[in-house]
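Quick notes on the structure that follows.
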Amino acid sequence: MIKIITFLGKSISHFLCEKKVIAEQEVEVYQYGFEILISTTLGLLITVAIGIVLNMFFLSVLYYVVFVMVRQWTGGYHADSYLKCNITFAGITFFTLGMTKLSDMSEMYSLTIHGLMLVFALLSVWKYTPVENPNKPLTKEQKKRNHKVALIAIIILEALSCGLYVFFPKVSALIAYTLFSIAVLILISKNRKGGNEYE
């Protein structure tokens, strides 16, 4: 997987360089950008595919938007290869959408479970974000900004989730499970690094 993504990124970059669209010294930067773009597109395709299989197309797109939006501010677990990253993402996506569907089909989901997941997500974001990517270190100012934006995003999404609980329980549960999954990834990353609380 990583070889294919790298090959595509390199091929596109060199093609643009040959056509004089980008300078030769910018090839590596563009290659990295195209690799990220291809990987992100693959993530969306994985999400939509799982959504179609579970008959949850709209919710899968909503999940992807919430997941990507929040994760860009919180950070979290990062696999050491594109293949592991996509496998992990597919597992998280299947869990989130699957649990949302299961909750809608049964009576196992309750306001207590809903509340506990939201509290867990809020505390995790408040205490441990942002989680830095080793390849993208953050300055103190960036850490403060990301922490603040992540908290605001979580509070808004949790308020939205609570507001939708009665009239749109499936969407409400999806948001809660998505935030819960992000919080779990944050804690996994912190435990692996032996990280401290946000300062």
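As numbered in numbering that gives the first Met the number 0, residues 0 to 198 make up the sequence shown, in order. Beta carbons: idealized from backbone N, C-alpha and C, even for Gly. Nothing here was measured: the structure is a model prediction, and the numbers come from that model.
Mind reading off the beta-carbon distance from residue i to residue j? Whole number of angstroms is fine, and I expect it under 8 Å.
{"i": "ALA175", "j": "LEU117", "result": "6 Å"}
{"i": "ALA152", "j": "VAL26", "result": "Going by Cβ atoms, the distance from ALA152 to VAL26 rounds to 35 Å, so no, they are not a contact pair."}
{"i": "VAL130", "j": "GLY74", "result": "3 Å"}
{"i": "ILE154", "j": "ALA89", "result": "29 Å between Cβ atoms; not a contact."}
{"i": "TYR62", "j": "THR177", "result": "5 Å"}
{"i": "VAL47", "j": "VAL65", "result": "Their Cβ separation, rounded to whole angstroms, is 15 Å, which puts VAL47 and VAL65 out of contact at 8 Å."}
{"i": "ILE185", "j": "SER105", "result": "At roughly 28 Å, the Cβ-Cβ gap does not stay under 8 Å, so ILE185 and SER105 are not in contact."}
{"i": "ILE45", "j": "ASN85", "result": "6 Å"}
Could you give the distance in angstroms between the alpha-carbon of residue i and the alpha-carbon of residue j?
{"i": "THR95", "j": "GLN24", "result": "42 Å"}
{"i": "LEU101", "j": "THR92", "result": "14 Å"}
{"i": "GLN71", "j": "ALA158", "result": "20 Å"}
{"i": "THR111", "j": "VAL67", "result": "26 Å"}
{"i": "MET107", "j": "LYS126", "result": "29 Å"}
{"i": "SER12", "j": "VAL20", "result": "9 Å"}
{"i": "ILE181", "j": "THR128", "result": "11 Å"}
{"i": "VAL183", "j": "THR87", "result": "12 Å"}
{"i": "VAL201", "j": "GLY114", "result": "Given a span of 0 to 198 for the chain in the structure shown, any question on residue 201 remains unanswerable."}
{"i": "PRO136", "j": "CYS16", "result": "29 Å"}
{"i": "LEU82", "j": "LYS143", "result": "31 Å"}
{"i": "GLU198", "j": "THR40", "result": "Reliability of the predicted coordinates at GLU198 is poor, the pLDDT of 44 falling under 50, and the value obtained from them is presented with this limitation in mind. Looking at the two C-alpha atoms, the distance is approximately 34 Å."}
{"i": "ASN195", "j": "SER188", "result": "Residue placement at ASN195 is flagged as unreliable, the pLDDT there being 48, under the threshold of 50; the coordinate-derived value follows with that caveat. The straight-line gap from Cα to Cα measures roughly 11 Å."}
For residue i, write down the residues that DSSP places opposite it in a beta bridge.
{"i": "GLY74", "result": "VAL130"}
Among the options, which has the Cα closest to the Cα of residue i?
{"i": "ALA120", "options": "VAL65, LYS83, PHE179, SER38", "result": "PHE179"}
{"i": "PHE167", "options": "LYS189, ILE37, LEU58", "result": "LEU58"}
task: Count the C-beta pairs between the stretch 147-165 and the stretch 20-37 that are closer than 8 Å, then say yes if the count reaches three, no if not.
output: no
query: Using 8 Å as the Cβ pair cut-off and three pairs as the minimum, do the stretch 156-163 and the stretch 51-63 touch?
result: no
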